[in-house]
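The sequence shown maps to residues 241 to 410 in my numbering. Ideal placement from N, C-alpha and C gives every residue a C-beta, glycine not left out. Predicted, not measured: the structure shown is a model, and the values here were computed from it. Reviewing the structure listed below.
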Amino acid sequence: MDLLADYRIPFVSLKPGKHELRMRVRPEFFACFPHSDVDQVHGEVFVELDKLDTTMTLRLSLEATMTTPCDRCLDDVSISLTGSDRVSIRFGDETSYDDELWVLGSNEYQLDLADAIFQLVHLAKPKRNVHENEEDCDLDMTEWQDSSQDEGNKADDIDPRWAALKGLDN
Numbered sequence: 241m242d243l244l245a246d247y248r249i250p251f252v253s254l255k256p257g258k259h260e261l262r263m264r265v266r267p268e269f270f271a272c273f274p275h276s277d278v279d280q281v282h283g284e285v286f287v288e289l290d291k292l293d294t295t296m297t298l299r300l301s302l303e304a305t306m307t308t309p310c311d312r313c314l315d316d317v318s319i320s321l322t323g324s325d326r327v328s329i330r331f332g333d334e335t336s337y338d339d340e341l342w343v344l345g346s347n348e349y350q351l352d353l354a355d356a357i358f359q360l361v362h363l364a365k366p367k368r369n370v371h372e373n374e375e376d377c378d379l380d381m382t383e384w385q386d387s388s389q390d391e392g393n394k395a396d397d398i399d400p401r402w403a404a405l406k407g408l409d410n
């Protein structure tokens, strides 16, 4: 069974005008991308396809929730993901995909949105995955981090046998 079939739009059968679709984003979707660093995402992508005779415009809007380990305490944290993208689609001799312009060859009959949705989710991810309030973090883990940082400061004390080497310049 093709898990990505739901993310294809057969545009040749659509009449000119605006067409609105909803596509679910689930962990099964990310299982199709083995090198993905997200997997626990649940939400929807709202798709608006404006089809004209010679061009199409595609708008994607993401609303989802990602569950991932907190970077601070390693406890699970739910993070809201929102994002949008717009792609212009033209018809040409050969198929090519760019960030904002897709050119479809004469033998194309459907739009495959799987990669675009995959990229939209990854671009919506925050740089750091942490609880909004540090108080929500696992107390045992934050205490352990604080104690290991204190030990790290003690480790900065240099053994006197090696202290003389610090004065040597290359």
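- Under the 10 Å beta carbon count, Cys313 is surrounded by 16 or more other beta carbons and is classified as buried.
- Looking at Leu261, Pro256 and Leu243, the one whose alpha-carbon comes closest to that of Ile249 is Leu261.
- In the DSSP assignment, the residues bridged to Pro309 are Asp316.
- Separation of Gly283 and Thr305 (C-alpha to C-alpha, rounded to the nearest whole angstrom) is 6 angstroms.
- Taken through DSSP and simplified to helix, strand or coil, His259 comes out as strand.
- Apart from sequence neighbours up to five positions away, the residues of its chain that approach Glu334 with a beta-carbon distance below 8 angstroms are Val343 and Gly345, ordered along the chain.
- By the neighbour-count definition (other C-beta atoms within 10 Å, threshold 16), Tyr349 is an exposed residue.
- DSSP places His282 in the strand class (E or B) of the three-state scheme.
- Per the Cβ contact rule, the segment 353-370 is in contact with the segment 257-277 (3 or more Cβ pairs under 8 angstroms).
- Separation of Asp380 and Asp315 (C-alpha to C-alpha, rounded to the nearest whole angstrom) is 11 angstroms.
- Rounded to whole angstroms, the separation of the alpha carbons of Phe331 and Asn373 is 49 angstroms.
- Distance between Val317 and Val370, taken at the CA atoms: about 7 angstroms.
- A residue is called buried when at least 16 other Cβ atoms come within 10 angstroms of its Cβ; Tyr337 does not meet this threshold and is exposed.
- The straight-line gap separating the alpha-carbon atoms of Asp290 and Val281 is approximately 27 angstroms.
- Here Leu351 is bridged, per DSSP, to Ile249.
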